[in-house]
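Q: Structure in structure tokens, see below.
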């Protein structure tokens, strides 16, 4: 699986792809298509675009590759007003494709920005001035996928505007957009609080969010029944809404993973077969890496699959032998076990990439997750109602505002506790050894394999010694 993805990544690099824009003329006219909505920067608007063609020797030459485009920030240049393009639109650019350069951050450490963007398939950047671009009409030969992606991008902009103008405080509006639409929280205080408490995953649409959305969508079509052709019609309706929501939120790696798994499991159930979660996990990973091999370098992809693997394999081990009698206690216990399993499974990646560990992640998840489970369905209904009844959407947004205030308050409160974040850097060798230890741990406890437990204990000693 990883070898196939790695081979495809290599074939799409400028070295192997003769049509890549890096191998063409660096300056001139280019026809590109935006792959995402513009993101606001201090002095510019930024977006990733796919190069379709370049004007060379008095004719259009087909080109490929991705470029990071920077549009100037002007008083009248807002994406929603048609002055600047949105996701899916084709744009004619006049500029120069520049190589990506690294920089030294505020901490004095050099950051290889070129290598970072290369892992996303981006090998050039283009800085535009006023008048250097023109939005082209139509979708060209892009097909239904690009048209639908563009429509969802415009819908997302209108829903973001609704949340901004709903009367919610700025901090709650940012968290609401992140929770419902996969936006970015610009408030550094809130972002740091969620990260320090180990619940930053709620600020990015993930598998948990898509699962809640799928439950809401399935409830809308519950009248169709579960037999015959009706179950297939219900499945097609629900899976269409799930993929539409995935497109609306930007199709992050974690969302794509959840949508794939939901689709495969749904097809299996319609066929009357019991699809094992671990098999759908592996098949979805293979499918996504075939479609987009650059997911191989996506941290969200790794964390998402690691977390689900923890839920599938480690949760039964952690919860073995103890089942609370009371329903409320059982719910809290299951949430605690799931949080611990996901945290342990993602620990090697987190410690290697960030070098920090949230001390109070369990408390934060127990307190915040119930609020998320209420806020997300309410937010989805609020933005949906706002499309045809603004007053009803505003009333629901008022309730959502209070739920988000509770979430933010808890995150800020727990994040202020002493030693909320521990510095535990982990080398790549130790991270890999930790992953192998988890495999031996699972096998040892699940199959009562003493040799596996002994090997796992030895690897754990190596991890602690190597650091």
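Numbering (the numbering used here), first residue to last: 1 to 467. In this text, a Cβ means the ideal position worked out from N, Cα and C, and glycines have one as well.
Out of 224, 129, 213, 290, which one is the CA nearest neighbour of residue 259?
A: Selected option, being the one with the closest Cα: 213.
Q: Determine, for residue 366, whether the minimum Cβ-Cβ distance to residues of chain C falls below 9 Å.
A: Here there is only one protein chain, and chain C is not present.
Q: If you pair each beta-carbon of the region 179 to 189 with each one of the region 341 to 352, do three or more pairs fall below 8 Å?
A: Because the criterion of three Cβ pairs below 8 Å is not met, the region 179 to 189 and the region 341 to 352 do not touch.
Q: What number of angstroms, rounded off, separates the C-alpha of residue 80 from the C-alpha of residue 153?
A: Any reading at residue 80 needs caution, since the residue's pLDDT is 46, under 50, leaving its predicted position unreliable; the model's value is listed next. Answer to the nearest angstrom: the Cα atoms are 10 Å apart.
Q: What would DSSP say about residue 65, mapped onto helix, strand or coil?
A: In this structure, residue 65 counts as coil in the three-state DSSP scheme.
Q: In this structure, does DSSP put residue 419 in helix, strand or coil?
A: Looking at residue 419 - three-state DSSP - the assignment turns out to be coil, as it is neither helix nor strand.
Q: Just to confirm the assignment: which complete alpha helix (DSSP H) runs, minimum length 4, are found wholly within the region 340 to 426?
A: For the region 340 to 426, whole alpha helix (DSSP H) runs of length 4 or above, ordered along the chain, are 361 to 386, 390 to 415.
Q: Mind checking who residue 245 pairs with in its DSSP beta bridge?
A: None, per the DSSP bridge assignment.
Q: Just reading off the beta strand (DSSP E) that residue 266 is part of, what are its end residues?
A: Here residue 266 belongs to no beta strand (DSSP E); instead the alpha helix (DSSP H) covers 253 to 270.
Q: Let me make sure I understand the geometry here. Which of 415, 435, 442 has the alpha-carbon closest to that of residue 188?
A: The shortest C-alpha separation from residue 188 is found at 415.
Q: Output the distance between the C-alpha atoms of residue 71 and residue 93, rounded to the nearest integer angstrom.
A: Approximately 10 Å between the Cα atoms of the pair.
Q: Got a sec? Which residues, its chain only, sit under 6 Å from residue 178 by beta carbon, not counting five neighbours each side?
A: Counting only Cβ-Cβ distances below 6 Å, and skipping sequence neighbours, we find 185, 203.
Q: Taking only runs that begin and end inside the region 144 to 181, name each unbroken alpha helix (DSSP H) of 4 or more residues, in chain order.
A: You should have 144 to 164, 170 to 181.
Q: Do residue 45 and residue 88 have their C-beta atoms closer together than 9 Å?
A: For residue 45 and residue 88, no; Cβs fall outside 9 Å.
Q: Closer than 7 Å by C-beta to residue 382: which residues in its own chain qualify, once you throw out the five before and the five after it? Chain order, please.
A: Hits under 7 Å: 393, 396, 397, 400.
Q: Nearest by alpha-carbon distance to residue 111: which of 100, 388, 121 is it?
A: Of 100, 388, 121, the residue nearest in Cα terms is 100.
Q: Going by DSSP, what residues sit across from residue 93 in a beta bridge?
A: In DSSP, residue 93 forms a bridge with 30, 133.
Q: Since residue 310 and residue 341 are thought to touch, with beta carbons under 8 Å apart, how far apart are those beta carbons, to the nearest angstrom?
A: Yes, residue 310 and residue 341 are in contact; Cβ-Cβ is about 4 Å, under 8 Å.
Q: Check the DSSP bridge columns for residue 49 and list the partner residues they point to.
A: Per DSSP, 34, 67.
Q: Does the separation of the CB atoms of residue 175 and residue 408 fall below 9 Å?
A: Yes, these two residues count as a Cβ contact at 9 Å.
Q: In terms of residue numbering, what span does the alpha helix (DSSP H) encompassing residue 122 cover?
A: Unbroken run through residue 122 is the beta strand (DSSP E), 122 to 127; no alpha helix (DSSP H).
Q: Pick from 253, 317, 218: whose alpha carbon is nearest that of residue 236?
A: With distances taken between Cα atoms, residue 236 lies closest to 218.
Q: Less than 8 Å between the CB atoms is what I'm expecting for residue 337 and residue 446, so what's the real figure, rounded?
A: Not quite, the Cβ-Cβ distance comes to about 15 Å (not below 8 Å), so this is no contact.
Q: Do the region 164 to 173 and the region 256 to 273 touch if we need at least three Cβ pairs shorter than 8 Å?
A: Touching, no.
Q: Compute the Euclidean distance between the alpha carbons of residue 102 and residue 122, then round it to the nearest angstrom.
A: For residue 102 and residue 122, the distance between alpha carbons rounds to 14 Å.
Q: Considering only residues of the same chain and omitting the five flanking positions on each side of residue 277, which have a CB-CB separation below 6 Å?
A: Once the five neighbours on either side are set aside, the close Cβ partners of residue 277 are 312.
Q: Tell me the residue span of the alpha helix (DSSP H) that contains residue 316.
A: Segment 315 to 319, the alpha helix (DSSP H) holding residue 316.
Q: Relative to the C-alpha of residue 191, which residue among 327, 323, 226, 171 is closest?
A: Taking only the C-alpha atoms, the option nearest residue 191 is 171.
Q: Looking at the strands, I want to know which residues DSSP matches up with residue 111.
A: In DSSP, residue 111 forms a bridge with 103.
Q: List the whole-angstrom C-beta distance separating residue 20 from residue 64, where the pair is believed to meet the contact cut-off of C-beta under 8 Å.
A: Their Cβ separation, rounded to whole angstroms, is 6 Å, which keeps residue 20 and residue 64 in contact under 8 Å.
Q: By the three-class DSSP mapping on this structure, what secondary structure does residue 44 have?
A: It is a strand residue.
Q: Identify whether residue 324 lies in helix, strand or coil by the three-state DSSP scheme.
A: Correct three-state label for residue 324: coil.
Q: Let me know the secondary structure DSSP gives residue 195 once reduced to three states.
A: DSSP places residue 195 in helix when its eight states are reduced to three.
Q: Spatial neighbours of residue 468 within its chain, please: C-beta separation below 7 Å, excluding the five flanking residues on both sides.
A: Residue coverage of the chain in this structure runs from 1 to 467, which leaves residue 468 outside it and unanswerable.
Q: I need the straight-line Cα distance from residue 86 to residue 404, nearest angstrom please.
A: About 29 Å.
Q: Between 427, 157, 116, 120, which has its C-alpha nearest residue 353's C-alpha?
A: For residue 353, the nearest C-alpha among the options comes from 427.
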